[in-house]
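> Numbering (full-length UniProt numbering), first residue to last: 1 to 737.
Here a beta-carbon is modelled for each residue, glycine too, at the ideal position from N, C-alpha and C.
As the structure is a prediction and not an experimental result, all values here were calculated from the model.
(1) Contact check, residue 471 vs residue 506 under 8 Å by CB: the rounded distance?
(2) Using DSSP with H/G/I as helix, E/B as strand and the rest coil, what is residue 733?
(3) What are the boundary residues of the beta strand (DSSP E) that includes residue 715?
(4) Reducing DSSP to helix, strand and coil, say where residue 701 ends up.
(5) Is it true that the CB of residue 111 sits closer than 8 Å to the CB of residue 105?
(6) So if DSSP puts residue 419 in a beta bridge, which residue, or which two residues, is it bridged to?
(7) Is residue 393 helix, strand or coil by DSSP?
(8) How would you write the range of the alpha helix (DSSP H) that residue 468 sits in, first residue to last?
(9) If residue 385 sits next to residue 421, beta carbons under 8 Å apart, how far is it from one beta carbon to the other, in whole angstroms?
(10) Among the candidates 632, 199, 532 and 522, whose CA atom is the shortest distance from the CA of residue 649?
(11) Does the Cβ-Cβ distance between residue 222 and residue 194 come in under 8 Å?
(12) So what does DSSP say about residue 52, is it helix, strand or coil?
(13) Please list the terminal residues of the continuous beta strand (DSSP E) segment that includes residue 145.
(14) Hey, would you say residue 189 sits closer than 8 Å to residue 124, going by beta carbons?
(15) Report the option in 49, 203 and 415 whose CA atom is closest to the CA atom of residue 64.
(16) Taking just the CA atoms, how far does residue 59 sit from residue 119?
(17) Return the first residue and the last residue of the beta strand (DSSP E) that residue 369 is part of.
(18) Can you give me the Cβ contacts of residue 80 inside the same chain, cut-off strictly under 6 Å, excluding the 5 residues immediately before and after it?
(19) Suppose you measure from the CA of residue 501 to the CA of residue 55; what does that come to, to the nearest Å?
(20) Do residue 655 and residue 277 come within 8 Å of each other at the CB atom, strictly closer than that value?
(21) In chain order, which continuous runs of the alpha helix (DSSP H) of length 4 or greater are located wholly inside the segment 84-158?
(22) Pick from 519, 550, 721 and 69: whose alpha carbon is nearest that of residue 529?
(23) Report the residue ranges of all alpha helix (DSSP H) runs contained in full by the segment 314-374; include only those spanning at least 4 residues, in chain order.
(24) For residue 169 and residue 117, what's the separation of their Cα atoms in angstroms?
(25) What is the DSSP secondary structure of residue 523, counted as helix, strand or coil?
(26) Using a Cβ distance threshold of 8 Å, determine whether the segment 623-634 contacts the segment 562-573, with at least three qualifying pairs required.
(27) Would you give the residue range spanned by the alpha helix (DSSP H) that residue 434 belongs to?
(28) Can you tell me whether DSSP reads residue 293 as helix, strand or coil?
(29) For residue 224, collect the residues of the same chain with a Cβ closer than 7 Å to its Cβ; drop the 5 residues on either side in sequence, then sort them by chain order.
(30) Which residue or residues does DSSP assign as beta-bridge partners of residue 194?
(31) Under the rule that 16 or more other beta-carbon atoms within 10 Å means buried, what is residue 182, buried or exposed?
(32) Rounded to the nearest angstrom, what separates residue 493 and residue 483 at their Cα positions?
(33) Please report the straight-line C-alpha distance between residue 255 and residue 438, rounded to a whole angstrom.
(34) Using DSSP's beta-bridge definition, name the partner residues of residue 613.
(35) Tell me, please, whether the segment 627-634 touches the segment 304-312 by the rule of three or more beta-carbon pairs shorter than 8 Å.
(36) Report the rounded CA-to-CA distance for residue 347 versus residue 87, giving the unit in angstroms.
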């Protein structure tokens, strides 16, 4: 058996001339010593006897990178090709491949790996090692697998320059690109960490990235979350009660009423790393971006890949998931309605239920509460109803929506999406009441404690107040920019503007986060309907609800006056001054208004501009765009189109978020296009739209949901907190008891 003797920690200490005092400390005060050792260890060595295992395509630079990493760490370096296979076989790898052929070679290579053992080393795998499952399971037991992810085009160029004429799997008529693409599916199964490696990146830099990635992997305690309302002094006092990604997914809302944000901010991608994703698929982009935002201690890369594939696989009808379509001039539409419930909410809510199910403890049942102004409700109900049966037994969802404040089709859709673990409750009020009620329930410790003790059930949130809801939205904003580059509309680095119909500020906040992570977004244009509190705020710095009443419009998803996610953005531009944020929101709650300081308003206006659209202009835009292009905008996208026309300066492309399929708002579309008299029955409205042959087809999922029989009934509740809490208890008793 090939074996490398482990470097013992004591030897490492003496080799690096640590003082005798430190050795005494190790024996006499082990806790204090552990703290010193951890600090030194994080930058100079490995964790215990673990190996760093480098994996990647042929030509990825594993051998060179491994040597540099080993030199920096002062530990053994093993190249499987040179030090194991050729030593075992007494012949070169290429000779062995030629001698036994592809299939037998993989088997022989796997057997050699099964006999191999090492610890405290840097190991460079062959390009084909990951194709032998038993061999990889053996070597992974004692190592951290690092995937050197190099773009396929770069690999092909390197192999050509290296004059590599034969690799495992190569045969006449099989393109090298296809072989490389085929191998990637095996790599995805095994890696713990991914390191993005661009074309011109030096091996020394790759080695540093490997060390940084391993350090991150080892130190999950560094990726903590704080409340937008916590003071710095309060955070230092609570340093022992950290919240990690898994915690904030479950909790949703912070105990002090604030929203969770990452304490160290979001990860930054280099221009080269983004450019490496230009030719990637949407699912590949999502995997790379979300791996950097979610620590593998919370959700391992392999589990995340499984969740992403489930979320964006058969559930989306367009293979591009979030395609970018040219509209006219310099305007492009980011189509976000190809999911099962026909709105942008599907991007998060096909994924979040699976993340939630993975993160929660098995010892408790969970009831997920959500408030919706229209689209969130059906997306939440659909997403949680797709969980595995065992998860549905311990996770239920209750959706509160304004009974008379959504479109007839949206309402029918929410009722039709009810399943054995998913219910809708109509509330005789508006969205702001529903959202505020949920926040009050979460911060009522007596009530939540009662539910836990009496029923063994905890509450969780699925609104965009939950941090996990925002992450998938960052992906589609980044992907839209990369698509424009891939289509040769712009070179990488050229700026774009984005225009987003905005109510609760989550979608536009995700675009701002994408900008922070390195996507060249110049301005984010906030588009309001007649409920234009955000437009006024962005223009003046005054958030004023006094005397405002919610106006029902053709674009109900942005019929919102209290914009929850704005709080996260204010926390960001206020340099994480949670005391200030708490002061502003206490003033809003108690007095109905607040005003930003001048310096903060100036910061805000560097990122944001805003405008609003009347009902007449919304319908006119739908008619105009259809008349000139044959394309139908939904009412929310029409609001954004009107505002984009007014505010863009035409010096760069503008990406308009098309947040819902037009068929969800059939009465307004029929009215805008002046087609026929409007029937009040939602299914009849869809049939009328689908029978009008010049129009694009209605959304498949929407039509199927409305055709379903059963589930027509739903509970209706008065705008009263005690009534809402009674509904919650009844549901818990019926589902969990």
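Straight from the coordinates:
(1) Not a contact, Cβ separation roughly 11 Å.
(2) The DSSP-derived three-state label of residue 733 is helix.
(3) Residues 715-717.
(4) In this structure, residue 701 counts as helix in the three-state DSSP scheme.
(5) It is not a contact, given that the beta carbons lie outside the stated cut-off.
(6) DSSP links residue 419 through a beta bridge to 422.
(7) Coil, per DSSP.
(8) Annotation: the continuous alpha helix (DSSP H) that includes residue 468 extends over 467-486.
(9) Distance from residue 385 to residue 421 at the Cβ level is roughly 7 Å; contact confirmed, criterion being Cβ atoms closer than 8 Å.
(10) By alpha-carbon distance to residue 649, the top candidate from 632, 199, 532 and 522 is 522.
(11) No, they are not a contact pair.
(12) Three-state result, residue 52: strand.
(13) From DSSP, the beta strand (DSSP E) with residue 145 extends over 143-149.
(14) For the 8 Å CB-CB criterion, residue 189 and residue 124 do not form a contact.
(15) Distance check between residue 64 and each of 49, 203 and 415 places 203 closest, using alpha-carbon atoms only.
(16) Taking the CA atoms as reference points, residue 119 sits about 25 Å from residue 59.
(17) Following the DSSP letters along the chain, one finds residue 369 inside the beta strand (DSSP E) bounded by residues 365-371.
(18) Within the same chain, residue 80 has close Cβ partners 125 and 126.
(19) The alpha-carbon atoms of residue 501 and residue 55 are separated by roughly 43 Å.
(20) For the pair residue 277 and residue 655, the CB atoms are not nearer than the 8 Å cut-off.
(21) Runs of the alpha helix (DSSP H) inside the segment 84-158: 86-89, 93-100, 102-114 and 133-140.
(22) The residue among 519, 550, 721 and 69 with its C-alpha nearest the C-alpha of residue 529 is 550.
(23) DSSP runs (the alpha helix (DSSP H)) wholly in the segment 314-374: 345-349 and 352-359.
(24) For residue 169 and residue 117, the distance between alpha carbons rounds to 27 Å.
(25) DSSP places residue 523 in strand when its eight states are reduced to three.
(26) The answer is no - the segment 562-573 does not touch the segment 623-634, with fewer than three Cβ pairs under 8 Å.
(27) Looking at the DSSP string, the run of the alpha helix (DSSP H) that includes residue 434 is 431-442.
(28) Note: residue 293 maps to helix in three-state DSSP.
(29) Around residue 224: 242, 243, 244 and 263.
(30) Its beta-bridge partners are 147.
(31) By the C-beta density criterion, residue 182 is exposed, having fewer than 16 other C-beta atoms within 10 angstroms.
(32) Each residue's Cα considered, the two are about 13 Å apart.
(33) Cα to Cα, residue 255 sits roughly 13 Å from residue 438.
(34) Residue 613 is not bridged to any residue.
(35) Contact fails: fewer than three Cβ-Cβ distances are below 8 Å.
(36) Straight across, the Cα-Cα distance linking residue 347 with residue 87 is about 50 Å.
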